[in-house]
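Taking numbering that gives the first Met the number 0, the leading residue of the sequence shown gets 0, the next gets one more, and so forth. We put the CB at the ideal spot given by N, CA and C, even for glycine. No experiment lies behind these values; they were computed from the predicted model shown. Heads up, the thing below is written out as structure tokens.
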Amino acid sequence: MLGGLALVLFGLIAATGARIWIQNKVDFSSSRNLITAAVALTMGAGNFTVKIGDFELGGIGTATLSAIILYQVLRSTEEPAPAELEA
Numbered sequence: 000m001l002g003g004l005a006l007v008l009f010g011l012i013a014a015t016g017a018r019i020w021i022q023n024k025v026d027f028s029s030s031r032n033l034i035t036a037a038v039a040l041t042m043g044a045g046n047f048t049v050k051i052g053d054f055e056l057g058g059i060g061t062a063t064l065s066a067i068i069l070y071q072v073l074r075s076t077e078e079p080a081p082a083e084l085e086a
């Protein structure tokens, strides 16, 4: 029973995340967005945990942190910002 509940929980989290992305019209034709979403979903669903000393970051926290960092790292490989932002 507990395994079934865990399966439903992770499924709902993934489906809710996908719904938010769709409602906000995230462009998944962009490699940056697709890779970020794939890594975050895999780390969250797999409950990837990082433990450093007494500090422990669980699956959802690790997925969130990795998505934030990965998105910024991949951002630096894309085209430069438009000229209007430089003014």
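Bounding residues of the alpha helix (DSSP H) (the contiguous stretch that carries residue i)
i     : result
Val7  : Leu1 to Gln22
Val38 : Ser30 to Ala44
Ser65 : Gly58 to Arg74
Backbone CA spacing between residue i and residue j [nearest angstrom]
i     : j     : result
Ser75 : Met0  : 45 angstroms
Arg18 : Arg31 : 19 angstroms
Ser28 : Gly52 : 40 angstroms
Gly16 : Phe54 : 26 angstroms
Thr41 : Leu64 : 13 angstroms
Ala37 : Ile12 : 14 angstroms
Span of the beta strand (DSSP E) around residue i
i     : result
Val49 : Val49 to Ile51
Phe27 : From DSSP, Phe27 is part of no beta strand (DSSP E); its letter is neither H nor E.
Short Cβ contact (8 angstroms threshold) for residue i with residue j
i     : j     : result
Ala66 : Ala44 : no
Leu8  : Thr35 : no
* Asked: Does the stretch 28-48 touch the stretch 58-66, meaning 3 or more C-beta pairs lie closer than 8 angstroms?
  -> yes
* Any contact of the stretch 21-35 with the stretch 1-9, i.e. 3+ C-beta pairs under 8 angstroms? -> no
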